[in-house]
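Numbering (the working numbering), first residue to last: 1412 to 1747. See below for the structure under consideration.
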């Protein structure tokens, strides 16, 4: 985390006060074969404070000198917030990666999941990751890193940030792999626990609880990483708009809202089917046990297999799934 932040600090690019006038051209077929048409003029104002204030001072006598570099974060404090958030995100990602991998290995060992099923899960997740990366490619809008590179602001090498993005995405995909492994492990549980000894029933109960807890853990991992990615996106948007302004809204906050909404849907889609399959499995394993026994001697088994979330537990899961969209709305609602 500290290393990431220091690398970002060393890559900071300072820019002076100036204006750019960029012709927005229509090169599509609507302009005609081999023709271009200017449809707008994009005015880009760079707020390099040092040069701007020097013009305003005029003949006023100064009492001392101070390098603009030493005040950069005072002028653009939200960029320091962004650097801190992205450093924390990469630190969390690297810290969680071995824990997630260990959890998956334990699931594979405990439930004797064949290698073919593991590789199928990995292949499915890699396809999902490829689809997510491909979905980010959009020739109809400027991405944040493109804006930084095109207008030469904030960082000298914004393309290097893709390493951070891919690292956090990779850890999130490993957690999704864990969810798919859990989905396969549910099928390894017995259909009924009637006829089993108390020791065997206890072992099945421990396995069932393990799946419940690990499913929540993997959901929490993905929710945390997505929340940080949304926070960093919003902070980077504000940093860019502090450094330069445009005659159009080149980085609308609607993009951040849409980002949060899509990932809320994404989290729910990956969690809810597996959760309800596990819940149904727990209920069917107790199907042949009379209700009187479930309320009496088998009450402990009933508490394990019949998933009945407390209001607080339900709230925790709901907040984890809704976290992306709530996070995307928070900065403007809280005026931060």
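Note that CB positions come from ideal geometry on N, CA and C, so glycine has one too.
Per-residue burial, residue i [other beta carbons within 10 Å of its own, 16 or more giving buried]
{"i": "residue 1785", "result": "One cannot answer for residue 1785 here, as it falls past the ends of the chain, which runs 1412 to 1747."}
{"i": "residue 1530", "result": "exposed"}
{"i": "residue 1567", "result": "exposed"}
{"i": "residue 1574", "result": "exposed"}
{"i": "residue 1612", "result": "buried"}
{"i": "residue 1436", "result": "exposed"}
{"i": "residue 1606", "result": "exposed"}
{"i": "residue 1735", "result": "buried"}
{"i": "residue 1671", "result": "buried"}
{"i": "residue 1543", "result": "exposed"}
{"i": "residue 1633", "result": "buried"}
{"i": "residue 1500", "result": "buried"}
{"i": "residue 1739", "result": "buried"}
{"i": "residue 1536", "result": "buried"}
7 Å CB neighbourhood of residue i in its chain, flanking five on each side removed
{"i": "residue 1693", "result": "1619, 1716, 1717, 1718"}
{"i": "residue 1508", "result": "1582, 1585"}
{"i": "residue 1685", "result": "1590, 1593, 1594, 1626"}
{"i": "residue 1434", "result": "1449, 1452"}
{"i": "residue 1489", "result": "1646, 1649, 1650, 1653"}
{"i": "residue 1456", "result": "1430, 1655, 1656"}
{"i": "residue 1642", "result": "1496, 1738"}
{"i": "residue 1412", "result": "1498, 1499, 1501, 1502"}
Sequence-distant residues of its chain with Cβ nearer than 6 Å to residue i (five each side left out)
{"i": "residue 1732", "result": "1678, 1679"}
Cutoff 8 Å: residue i Cβ touching any chain C Cβ
{"i": "residue 1563", "result": "Looking for chain C here will not work: only one protein chain is present."}
Sequence-distant residues of its chain with Cβ nearer than 8 Å to residue i (five each side left out)
{"i": "residue 1602", "result": "1695, 1696"}
{"i": "residue 1560", "result": "1569, 1570"}
{"i": "residue 1532", "result": "1588, 1591, 1592, 1595"}
Paired residues, beta bridge with residue i - DSSP
{"i": "residue 1457", "result": "1429, 1655"}
{"i": "residue 1423", "result": "1566"}
Three Cβ pairs or more, each shorter than 8 Å: is that satisfied between the region 1594-1602 and the region 1645-1653?
As far as the Cβ criterion goes, the region 1594-1602 does not touch the region 1645-1653, which means the pair count is below three.
In chain order, each beta strand (DSSP E) run of at least 3 residues that lies wholly inside the region 1488-1561:
The qualifying runs do not exist here; there are none.
Does the region 1505-1519 come close enough to the region 1619-1639 that 3 or more CB-CB pairs lie under 8 Å?
Yes, they touch.
Counting pairs of Cβ atoms below 8 Å between the region 1640-1647 and the region 1491-1508, do you hit three or more?
Output reads yes: the region 1491-1508 touches the region 1640-1647.
Note down, one range per segment and in chain order, each alpha helix (DSSP H) of at least 4 residues found wholly within the region 1562-1630.
Positions of the alpha helix (DSSP H) runs, each at least 4 residues long and wholly inside the region 1562-1630, are given as 1572-1597 in order along the chain.
Complete runs of the alpha helix (DSSP H) confined to the region 1640-1692 [at least 4 residues]:
Fully enclosed alpha helix (DSSP H) runs of 4 or longer: not present.
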